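Q: Below you'll find the structure I mean.
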Amino acid sequence: AQNVPVEGYGFRFQETSDGVTPNGNLDVAIQQPNVIPYIQLDDVPGGLEYGKQYLVSVQHRVRVRANGSISEFWSDFQAECVIGLQADIPLTQLQDAYCNSPSGDMYLEDQVQAVPVFGASAYRFTFTGPGGTFQEVEPNYSVYLYDVGPFGGPGLQYNSAVYNVTVESFVNGVWSAPGPICTVAMASEPENTEVQNPYCGGTYNYPDPNYILAEYVYGATGYEWEWTPTSGQTTGIQTTMTNGISLAFHTTDLDLSEGGSWDVRVRALAEGQNGSFSSVCPINITAVGPIAPPSDDVSDIKVIDGSDIVAEIYPNPSNGEQVAINLSELTDENQKIVIEVVDFTGKVVYTEQLANKGSNANFIVDFDNKLAKGMYFVNMYVNDQMLVEKLTVE
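Heads up: the sequence shown begins at 787 in my numbering, then just goes up one per residue.
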């Protein structure tokens, strides 16, 4: 006799009302392509339901070699056993790694994750604390904190704010009850930023339309720049605020007309809370004209609000290799356009500078390295204005 090893398993699920005979509502079989002798219930095609009973039977596969050929055979399904799923949707909550986080632990670019619930198609996260109560519904069991807020975030505050968080799951058209409360403690101040490294050590003409960029900080409502002269200028230390991450020399209220060398630092501002200043970035200025004319406010890059300019990114969601960007209703005859893609950690993963004429701009962005799955921000600087769009990579 030959001992033939088992090479695979099959499972059959039949819904039953009496625990004895199938009722015809669900009858599905799935054959595992490997030798794993079990199956996760949420992998059953057609979907099992809470409060229902199922007859479960198993078959196995063998592989026989004879006369130089290999044949495979599946056994019949064997004796049935009855399993039942609990009637109520199980409660969920934040996973232990995120529940009752230490004080000062969380930034807006962080995410929290709930315990997955079998059969759930959505999760509702409720945050209660400083600023009010915020709810965010997600198709999976995680949520990024920068998405939480009355208008898609940010509603959460820094300054060591503590929030009570509950989670509900959505199964077969019904929301579960909220699970146990967990606390999430925000950091005391926004994440640190830096002047982006490619700009440090550079030499720029002033007040020509040049600019430098800071690293993006999620939830930041402004950036404060500190310029300290290091080559004998008489103007002393100067500071200025910008709405976005770009400081443009031709519209700033800084007086850089003496030129020379400067040590530049930057920090982020979020909901009135200042971050810490960055490390020093040396910048060299060559004065080629008088002081730049003051802009209409203290911001040199203004987030477009109520403008007629329309930005479209497609496909969105993307596969992370390429997207097309269309800008329309541009008002300036000539535009200097900067495209910047920022990942969920605040890291700039792609930048490109373009020149355009006319009221429309169309271009293809080929990412140098395929973007990983997740959420990104696409910052588009059009002369002295900024647009922000979200990009999802699946």
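Glycine residues also receive a C-beta, built at the ideal position from the N, C-alpha and C atoms.
Remember, it's a predicted structure, so these values are computed and weren't measured experimentally.
1) Taking the runs of the beta strand (DSSP E) that are 3 residues or longer, which of them lie wholly in the stretch 946-1031?
2) For residue 981 versus residue 967, is the C-beta spacing smaller than 8 angstroms?
3) Could you check the C-alpha separation between residue 993 and residue 1069 for me, to the nearest Å?
4) Check whether the Cβ atoms of residue 1005 and residue 957 lie closer than 8 angstroms to each other.
5) Label residue 1019 either buried or exposed according to how many other C-beta atoms from any shown protein chain fall within 10 Å of its C-beta, with 16 as the threshold for buried.
6) Work out the CA separation of residue 1123 and residue 1092 for me, nearest whole Å.
7) Judging by CA-CA distance, which residue of 824, 838, 805 is the nearest neighbour of residue 795?
8) In terms of residues, what are the limits of the beta strand (DSSP E) holding residue 1142?
9) Rounded to the nearest angstrom, what separates residue 1095 and residue 1148 at their Cα positions?
10) Taking residue 1178 as the reference, which of 1028, 1104, 1128 has the closest Cα?
11) Relative to the C-alpha of residue 1012, which residue among 988, 1064, 1098 is closest?
12) Indicate whether residue 886 and residue 909 have their beta-carbon atoms separated by less than 8 angstroms.
13) Considering only the alpha carbon of each residue, which of 1003, 1009, 888 lies closest to residue 970?
14) In whole angstroms, what separates the C-alpha of residue 1241 from that of residue 797?
15) What three-state label does DSSP hand residue 775 in the structure shown?
16) With distances taken between CB atoms, is the gap from residue 1009 to residue 1028 smaller than 8 angstroms?
17) For a test of the three-state rule: what should DSSP assign to residue 829, helix, strand or coil?
18) Determine the extent of the beta strand (DSSP E) in which residue 846 is found, giving its start and end residues.
A: The answer reads as follows:
1) 948-957, 968-971, 989-992, 997-999, 1008-1015, 1024-1028
2) By one-based count along the sequence shown, residue 981 stands at place 195. By one-based count along the sequence shown, residue 967 stands at place 181. No, Cβ-Cβ distance for residue 981 and residue 967 is not below 8 angstroms.
3) Here residue 993 refers to the residue found at position 207 when the sequence shown is read from its first residue. Here residue 1069 refers to the residue found at position 283 when the sequence shown is read from its first residue. Straight-line Cα distance between these residues: approximately 14 angstroms.
4) Indexing the sequence shown from 1 puts residue 1005 at position 219. Indexing the sequence shown from 1 puts residue 957 at position 171. No. Outside cutoff.
5) Counting from one through the sequence shown, the residue named residue 1019 turns up at place 233. Buried, by the Cβ-count rule.
6) The sequence position of residue 1092 within the sequence shown is 306, counting from 1. The sequence position of residue 1123 within the sequence shown is 337, counting from 1. Note that residue 1092 scores a pLDDT of 40, beneath 50, so its modelled location is shaky and nothing firm can be said.
7) Taking the sequence shown and counting its residues from 1, the one referred to as residue 795 is at position 9. Among 824, 838, 805, the Cα nearest to that of residue 795 belongs to 824.
8) Numbered from its first residue, the sequence shown carries residue 1142 at position 356. Per DSSP, residue 1142 belongs to the beta strand (DSSP E) from 1134-1143.
9) Counted from its first residue, the sequence shown places residue 1095 at position 309. Counted from its first residue, the sequence shown places residue 1148 at position 362. So the two alpha carbons sit approximately 13 angstroms from each other.
10) Residue 1178 sits at position 392 when you count from the first residue of the sequence shown. Residue 1178 has its Cα closest to that of 1104, out of 1028, 1104, 1128.
11) As a first step, residue 1012 must be located in the sequence shown, where it is residue number 226. Nearest C-alpha to residue 1012: 1064.
12) Here residue 886 refers to the residue found at position 100 when the sequence shown is read from its first residue. Here residue 909 refers to the residue found at position 123 when the sequence shown is read from its first residue. Going by C-beta atoms, residue 886 is not nearer than 8 angstroms to residue 909.
13) Counting from 1 along the sequence shown, the entry for residue 970 is found at position 184. Comparing Cα-Cα distances from residue 970 to each of 1003, 1009, 888, the minimum goes to 888.
14) Examination of residue 1241 is not possible in this model, given that the chain is present from 787 through 1180 alone.
15) Absent from the structure is residue 775, since the part of the chain shown begins at 787 and ends at 1180.
16) If you number the sequence shown from 1, residue 1009 lands on position 223. If you number the sequence shown from 1, residue 1028 lands on position 242. A contact, by the Cβ cut-off of 8 angstroms.
17) Within the sequence shown, numbered from 1, the residue matching residue 829 stands at position 43. Three-state DSSP puts residue 829 in a helix.
18) Here the question's residue 846 lines up with position 60 in the sequence shown. Unbroken beta strand (DSSP E) run through residue 846: 839-852.
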